[in-house]
Amino acid sequence: MLHPLKYPLNSIRNKLLFAFIALVIAPIFILFYSYYSSSQQLFVQTVNQSNDQVITRIGDSMNETAERMFKASNLIVNDPEVQQFLKLKENAWLEDHSAFQQYIGFNAKLNNILDFILQSRSYITVVDSRGHVFTSLNVGNPDQLLDDYSSQGWYAAALAGKGTPQWQLQDAHGINAAILANQEQLLVMSRQLKGDSVQPLGVMMIGIPLQHFLPDAKDIFLLKGSKVLFGDPLLAQQLRLDQLELGSDKDDQRPNKVLTQDNYLINHQTIQQLGWNFVQVMPQLEYTQGLRYLRNQSFIWLSLFFLGSCALFVVFMFRFIQPIKRLLSSMVKVGDGNFNEKIEIKGSDEIALLSHNFNSMVHKLRKLIVNLSEEQQRKEEARFHALQSQISPHFLFNTLNSIKWSARMSGAEHVSRMITSLGKMLTFVMSHDREMIALREELDFLEQYIKLQNIRFNNHLSLVIEVPESLLKAHILKLSLQPLVENSLIHGNRSQIEVVIRAEMLDGDLHIYVNDNGVGFAERAEQMEVPPNPLIQAKFSGIGLRNIHERIHMHFGEGYGLEQLQSLTGGASVKLSMPWLEGDKQNDPHINRRR
Numbered sequence: 156m157l158h159p160l161k162y163p164l165n166s167i168r169n170k171l172l173f174a175f176i177a178l179v180i181a182p183i184f185i186l187f188y189s190y191y192s193s194s195q196q197l198f199v200q201t202v203n204q205s206n207d208q209v210i211t212r213i214g215d216s217m218n219e220t221a222e223r224m225f226k227a228s229n230l231i232v233n234d235p236e237v238q239q240f241l242k243l244k245e246n247a248w249l250e251d252h253s254a255f256q257q258y259i260g261f262n263a264k265l266n267n268i269l270d271f272i273l274q275s276r277s278y279i280t281v282v283d284s285r286g287h288v289f290t291s292l293n294v295g296n297p298d299q300l301l302d303d304y305s306s307q308g309w310y311a312a313a314l315a316g317k318g319t320p321q322w323q324l325q326d327a328h329g330i331n332a333a334i335l336a337n338q339e340q341l342l343v344m345s346r347q348l349k350g351d352s353v354q355p356l357g358v359m360m361i362g363i364p365l366q367h368f369l370p371d372a373k374d375i376f377l378l379k380g381s382k383v384l385f386g387d388p389l390l391a392q393q394l395r396l397d398q399l400e401l402g403s404d405k406d407d408q409r410p411n412k413v414l415t416q417d418n419y420l421i422n423h424q425t426i427q428q429l430g431w432n433f434v435q436v437m438p439q440l441e442y443t444q445g446l447r448y449l450r451n452q453s454f455i456w457l458s459l460f461f462l463g464s465c466a467l468f469v470v471f472m473f474r475f476i477q478p479i480k481r482l483l484s485s486m487v488k489v490g491d492g493n494f495n496e497k498i499e500i501k502g503s504d505e506i507a508l509l510s511h512n513f514n515s516m517v518h519k520l521r522k523l524i525v526n527l528s529e530e531q532q533r534k535e536e537a538r539f540h541a542l543q544s545q546i547s548p549h550f551l552f553n554t555l556n557s558i559k560w561s562a563r564m565s566g567a568e569h570v571s572r573m574i575t576s577l578g579k580m581l582t583f584v585m586s587h588d589r590e591m592i593a594l595r596e597e598l599d600f601l602e603q604y605i606k607l608q609n610i611r612f613n614n615h616l617s618l619v620i621e622v623p624e625s626l627l628k629a630h631i632l633k634l635s636l637q638p639l640v641e642n643s644l645i646h647g648n649r650s651q652i653e654v655v656i657r658a659e660m661l662d663g664d665l666h667i668y669v670n671d672n673g674v675g676f677a678e679r680a681e682q683m684e685v686p687p688n689p690l691i692q693a694k695f696s697g698i699g700l701r702n703i704h705e706r707i708h709m710h711f712g713e714g715y716g717l718e719q720l721q722s723l724t725g726g727a728s729v730k731l732s733m734p735w736l737e738g739d740k741q742n743d744p745h746i747n748r749r750r
């Protein structure tokens with residue numbers, strides 16, 4: 156019976172409510188207050204991480220491009236064929252075919268390097284010591300650019316560098332403003348060509364538009380030491396970027412730092428290949444303006460939403476508790492012996508599933524009680540019939556033996572043989588109290604059975620046993636094959652019936668096949684008064700096929716039993732499957748195995 160609750164927290168409803176307050180409401184308010192007080196710092200960190208990812212990606216791209224530019228210059232500087240071409244006499248390619256081939260090969264190398272190494276909208280130019288200009292720029296006469304190039308900073312820097320790469324930014328108008336769009340700037344690497352010669356062979360330049368790396372954004376700077384190469388110089392001076400501790404050495408591997416100065420958030424990335432610093436600045440007003448307003452608005456709306464959610468939780472909690480109370484009440488009634496109790500199920504949640512299982516359990520208990528009562532009654536009836544049909548085996552055997560000798564003395568040998576076969580069958584049936592017997596014994600019993608049936612059917616029956624010697628020691632259920640053979644004899648509808656029994660062991664299971672040359676299952680359907688499939692519904696003897704099938708199921712599981720097969724030669728074909736067993740049932744580990 157139900158007892159009143161002594162303490163409020165013993166109620167599931169109060170436990171849920173207390174757990175909701177302690178584990179949901181309180182932590183959410185604490186977390187929201189913590190977020191409210193630190194939201195600006197978190198937002199700054201988020202913005203910084205986003206900016207840092209952007210400039211890191213740009214810096215890595217510039218590093219990778221600069222490395223490809225350096226590798227491309229090495230292919231020109233260290234190429235013996237290039238050096239040999241640059242050593243030719245002036246305009247030799249206009250007079251000599253071999254020199255002309257070198258000229259074509261030299262231009263092809265420049266184009267290949269431009270297409271396969273640089274892989275971008277790049278420009279490459281070589282100015283040799285003879286005053287000739289070789290360039291990828293689409294100009295009519297490249298030699299006309301010599302005066303412009305020789306007066307530019309990258310040209311003088313390459314001569315001063317004596318073969319070492321020189322990096323700098325170059326305005327487009329200093330290269331060829333008519334070709335380069337939007338007056339864009341170039342990242343230029345220039346280098347003197349010397350080879351193994353004492354005298355310089357010329358100067359080369361590789362240029363890539365700076366817009367290839369930099370996004371379309373403001374407040375971006377490129378610094379070489381304290382010198383501003385790219386960006387607003389006035390803003391750089393205001394922020395004193397030249398005084399910041401930024402990495403400038405190519406071997407500097409210090410991680411990026413977040414700097415704040417004059418209400419600006421500053422991110423920077425060192426370009427290792429160039430020794431420059433890429434700097435991005437962002438005014439704090441861009442992300443703090445309106446943050447306080449949004450934060451307050453968020454707090455008000457979240458509080459209203461949270462209070463409404465709490466009210467809905469309480470309402471739904473009371474609704475959820477009601478099915479539990481009904482279930483508890485029904486359980487108490489069943490405990491008192493009322494097995495007709497049934498819970499009304501609403502919905503499809505876990506409580507409904509629990510109620511459904513409870514109803515199913517009560518139904519099974521009620522059915523089990525009825526079955527136990529009926530089983531007890533059947534046992535009493537079986538015990539009474541067993542007492543009625545109890546006959547002394549010795550008396551029966553002695554009587555049959557007396558009849559047998561009387562028939563033999565009277566010259567009735569066929570009667571004597573019939574009684575001998577019948578005696579052996581009765582001995583087999585009555586003397587074996589085990590459920591499992593050897594396959595050899597079951598087959599011997601079938602041979603005696605066929606002998607008796609041949610007397611009845613005038614020797615029109617034949618039994619063929621094709622079982623390997625190694626399988627005869629297998630143990631099977633007693634009297635599991637005789638109903639199958641009897642089924643073939645009674646319903647074969649042939650004047651000459653042949654029954655063939657074969658056996659095989661496959662994957663640890665014993666399979667026994669009983670085939671006959673009768674009319675088959677399809678033509679027996681009307682006689683059986685049931686569909687030919689499933690096989691287990693047929694019953695042809697006192698034991699019956701259904702009885703055999705259920706006995707095998709009971710002992711070994713649903714994976715075993717009788718199965719109707721399609722016979723290729725006509726007639727009926729049945730397969731009996733069970734585990735391979737040797738010895739008694741109680742000592743065999745395969746018993747009760749389930750597939």
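156 is the number of the first residue of the sequence shown in our numbering; add one for each residue after it.
Ideal Cβ positions, reconstructed from N, Cα and C, are used throughout, including at glycine.
By the three-class DSSP mapping on this structure, what secondary structure does VAL622 have? The sequence position of residue 622 within the sequence shown is 467, counting from 1. Here VAL622 sits in coil by DSSP.
Since LEU300 contacts LEU365 with CB under 8 Å, what's their CB separation in whole angstroms? On the sequence shown, position 145 is the one that residue 300 refers to. On the sequence shown, position 210 is the one that residue 365 refers to. Going by Cβ atoms, the distance from LEU300 to LEU365 rounds to 21 Å, so no, they are not a contact pair.
Please confirm if the stretch 666-677 is in contact with the stretch 712-730, defined as three or more CB-CB distances below 8 Å between the two stretches. yes
Among HIS287, ARG447 and ASN267, whose alpha-carbon lies nearest the alpha-carbon of PHE198? The residue labelled residue 198 in the question sits at position 43 within the sequence shown. Selected option, being the one with the closest Cα: ARG447.
When the Cβ atoms of the stretch 222-234 are set against those of the stretch 355-369, are three or more pairs found closer than 8 Å? yes
For the stretch 231-239 against the stretch 463-478, do three or more pairs of beta-carbon atoms, one drawn from each stretch, fall closer than 8 Å, so that the two count as touching? no
9 Å Cβ cutoff met for ILE500 and ASN514: Within the sequence shown, the letter at position 345 stands for residue 500. Within the sequence shown, the letter at position 359 stands for residue 514. Yes, the pair counts as a contact, with Cβ atoms nearer than the cut-off.
Quick check on ALA313: buried or exposed, where buried means 16 or more other Cβ atoms within 10 Å of its Cβ? Start at 1 with the first residue of the sequence shown, and residue 313 comes out as number 158. The residue in question, ALA313, is buried, as its Cβ has 16 or more Cβ neighbours within 10 Å.
Please confirm whether any heavy atom of the ligand ADP lies closer than 8 Å to the CB of GLN354. Absent from the structure shown: the ligand ADP. Ligands present: none.
Could you check whether the stretch 386-401 touches the stretch 166-182, counting it as contact only if at least three pairs of C-beta atoms, one from each stretch, sit closer than 8 Å? no
Using the C-alpha atoms, what's the distance from PHE494 back to GLN477? The residue given as residue 477 occupies position 322 in the sequence shown. The residue given as residue 494 occupies position 339 in the sequence shown. The alpha-carbon atoms of GLN477 and PHE494 are separated by roughly 22 Å.
Note down the Cα distance separating LEU172 from SER458, rounded to an integer number of angstroms. Numbered from 1 along the sequence shown, position 17 holds the residue referred to as residue 172. Numbered from 1 along the sequence shown, position 303 holds the residue referred to as residue 458. Answer to the nearest angstrom: the Cα atoms are 19 Å apart.
Distance, TYR310 Cα to TYR304 Cα: Counting from 1 along the sequence shown, the entry for residue 304 is found at position 149. Counting from 1 along the sequence shown, the entry for residue 310 is found at position 155. Between TYR304 and TYR310, the C-alpha separation is close to 6 Å.
Indicate the three-state DSSP secondary structure (helix, strand or coil) for ASP491 in the structure shown. On the sequence shown, residue 491 is found 336 positions in, with the first residue counted as 1. ASP491 falls in the coil class under three-state DSSP.
Which whole-angstrom value describes the C-beta separation of ALA593 and LYS633, a residue pair presumed to lie in contact below a C-beta threshold of 8 Å? Along the sequence shown, one-based indexing puts residue 593 at 438. Along the sequence shown, one-based indexing puts residue 633 at 478. No, ALA593 and LYS633 are not in contact; Cβ-Cβ is about 10 Å, not under 8 Å.
Host alpha helix (DSSP H) of LYS606 (start-end): Stepping through the sequence shown from its first residue, residue 606 is reached at position 451. Counting along the chain, the alpha helix (DSSP H) containing LYS606 begins and ends at 594-611.
Is it right to say TYR604 is buried, meaning 16 or more other beta carbons lie within 10 angstroms of its own, or is it exposed? Against the sequence shown, residue 604 aligns to sequence position 449. So TYR604 ends up on the buried side.
Answer with buried or exposed for GLU530, where buried requires no fewer than 16 other C-beta atoms within 10 angstroms of its C-beta. On the sequence shown, residue 530 is found 375 positions in, with the first residue counted as 1. Result: exposed.
Specify whether the stretch 212-225 and the stretch 246-266 touch according to this definition: at least 3 beta carbon pairs, one from each stretch, less than 8 Å apart. no
Give the range of the beta strand (DSSP E) segment to which ALA658 is assigned. As a working mapping, residue 658 is identified with position 503 in the sequence shown. It spans 652-661 - the beta strand (DSSP E) in which ALA658 sits, taken as one unbroken run.
Could you give the residue range of the alpha helix (DSSP H) that holds ASP671? Numbered from 1 along the sequence shown, position 516 holds the residue referred to as residue 671. No alpha helix (DSSP H) contains ASP671, which is instead part of the beta strand (DSSP E) from 664-671.
Counting only runs of 3+ residues fully inside the stretch 431-492, write out the beta strand (DSSP E) ranges in chain order. 431-438
Would you say SER635 and ARG706 are within 9 Å of each other, going by their C-beta atoms? Position 480 of the sequence shown, counted from the start, is the residue given in the question as residue 635. Position 551 of the sequence shown, counted from the start, is the residue given in the question as residue 706. Cβ atoms of SER635 and ARG706: closer than 9 Å.
Evaluate GLN204 with the Cβ neighbour count: other Cβ atoms within 10 Å of its Cβ, from every protein chain shown; 16 or more gives buried, anything less gives exposed. As a first step, residue 204 is located in the sequence shown; it is residue number 49 there, counting from the start. Result: exposed.
Just the Cα atoms here: how many angstroms apart are GLN439 and ASN418? Locating residue 439 in the sequence shown gives position 284, counting from the first residue. Locating residue 418 in the sequence shown gives position 263, counting from the first residue. In a straight line, the C-alpha of GLN439 is about 6 Å away from that of ASN418.
State the Cα-Cα distance for the pair SER216 and PHE368, rounded to the nearest angstrom. The count along the sequence shown starts at 1 and reaches residue 216 at position 61. The count along the sequence shown starts at 1 and reaches residue 368 at position 213. Approximately 7 Å between the Cα atoms of the pair.
Can you round the beta-carbon distance between MET573 and HIS630 to whole angstroms, since I take them to be within the 8 Å contact cut? Position 418 of the sequence shown, counted from the start, is the residue given in the question as residue 573. Position 475 of the sequence shown, counted from the start, is the residue given in the question as residue 630. Contact flag wrong, Cβ pair sits at about 30 Å.
Within the same chain, show all residues whose beta-carbon is closer than 7 Å to that of LEU520, passing over the 5 residues directly before and after it, in chain order. For this step, residue 520 is matched to residue 365 along the sequence shown. So the list reads PHE494, once near-sequence residues are dropped.
Between which residues of its own chain and ALA507 is the CB-CB distance below 7 Å, once the five residues before and five after are set aside? On the sequence shown, position 352 is the one that residue 507 refers to. Contacts found: ILE500 and LYS501.
Where does the unbroken alpha helix (DSSP H) through GLY308 begin, and where does it stop? Position 153 of the sequence shown, counted from the start, is the residue given in the question as residue 308. Element bounds for GLY308: 308-316.
Report the rounded CA-to-CA distance for SER118 versus LYS242, giving the unit in angstroms. No information on residue 118 is available, as it lies outside the stretch 156 to 750 that the chain covers here.
I'd like to check one pair, VAL434 with ASN451: are the Cβ atoms closer than 9 Å? For the purposes of this step, residue 451 is taken as residue 296 along the sequence shown, with counting starting at 1. For the purposes of this step, residue 434 is taken as residue 279 along the sequence shown, with counting starting at 1. No. Outside cutoff.
Which word fits ASN688, buried or exposed, when buried means at least 16 other C-beta atoms lie within 10 angstroms of its C-beta? By one-based count along the sequence shown, residue 688 stands at place 533. Only weak support is given to the placement of ASN688: the predicted model assigns it a pLDDT of 44, under 50, and the question is left unresolved by the model.
Check for me: the beta strand (DSSP E) holding HIS630 runs from which residue to which? Numbered from 1 along the sequence shown, position 475 holds the residue referred to as residue 630. Looking at the DSSP string, the run of the beta strand (DSSP E) that includes HIS630 is 630-632.
Cβ of ARG706 less than 9 Å from any chain B Cβ? Of the protein chains in the structure, only one exists, and it is not chain B.
Report yes if the CB atom of ASN609 is closer than 9 Å to the CB atom of LEU616, and no otherwise. For this step, residue 609 is matched to residue 454 along the sequence shown. For this step, residue 616 is matched to residue 461 along the sequence shown. In contact: ASN609 and LEU616 (Cβ atoms closer than 9 Å).
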